[in-house]
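Residues 1 to 150 in our numbering are what the sequence shown spells out, letter by letter. Note that beta-carbon positions come from the ideal geometry of N, C-alpha and C, so glycine has one too. Please read these numbers as outputs of a predicted model, since none were measured by experiment. Accompanying notes for the structure given below.
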Amino acid sequence: MRFSFRLQSLLNWKKGLEESAQMKVAAKGRQLNRQEAEIQRLASQRAEIGRILNAKASEGMQVGEYLLYHDYAEGSYHVLMKKEVEKEQTKREMEVERERLMGFVKERKMLERLKEKRFKKFIALMEKLDQKNIDEIVIQKFHPTAGKSL
């Protein structure tokens, strides 16, 4: 007799869902890293523009040129704030995916524990049947008339 777990297809499906959720969490993590790098790049760019603006302002610059730098700095500030909002949204999405993943992990582990429990019962039953067969063989070998009706 062979052990078969009737819920194996469900267990396999849960494993697939778990792997899919892991990939989604990893993708969100990569997206978050890219967003943080972009924010760092924009912050550095803004700092450089600020240094250039201060240096030119101390040397004396035309109002039009100052306004051009100032408008660019303001625009880059708004872009930076938009990127921060996007990063926070990605963090929230990543947390939702992580919670889904944890749910799938719990369900899979529950099914695996059930499978292990049923497998242990199956092994115990097989050992009991083996012992019964061994006992019958021993009885027939040493008491040839024991198994026959009179």
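Distance between Lys14 and Lys121 (C-alpha atoms, nearest Å):
Each residue's Cα considered, the two are about 23 Å apart.
Please report the distance separating the alpha-carbon of Val63 from that of Ile39.
Cα-Cα distance, rounded: 29 Å.
Less than 7 Å between the C-beta atoms of Glu97 and Lys28, yes or no?
If you check the CB distance, Glu97 and Lys28 come in under 7 Å.
Could you have a look at Arg2 and say whether DSSP puts it in helix, strand or coil?
Three-state result, Arg2: coil.
Suppose contacts are defined by Cβ-Cβ distances below 7 Å. Is Val105 in contact with Glu18 by that definition?
Cβ distance < 7 Å, so Val105 and Glu18 count as in contact.
Quick check: Thr90 and Gln31, are their CB atoms within less than 7 Å of each other?
Cβ distance < 7 Å, so Thr90 and Gln31 count as in contact.
What's the C-alpha gap between Leu129 and Arg92?
Answer to the nearest angstrom: the Cα atoms are 56 Å apart.
Cutting at 8 Å between CB atoms, please list the residues of its own chain near Met126, excluding the five before and the five after it.
Here the set comprises Met1.
In whole angstroms, give me the CA-to-CA distance for Ile123 and Leu101.
About 32 Å.
Report the three-state DSSP secondary structure of Met61 (helix, strand or coil).
The answer is coil: DSSP assigns Met61 none of H, G, I, E or B.
Out of Leu11, Leu7, Phe3, state which residue places its alpha-carbon closest to the alpha-carbon of Arg108.
Measuring from the Cα of Arg108, the nearest candidate turns out to be Leu11.
Check whether Lys115 and Phe3 have beta carbons under 7 Å apart
It is not a contact, given that the beta carbons lie outside the stated cut-off.
Euclidean distance between Cα positions of Val138 and Lys117
A direct Cα-Cα distance of roughly 32 Å separates Val138 from Lys117.
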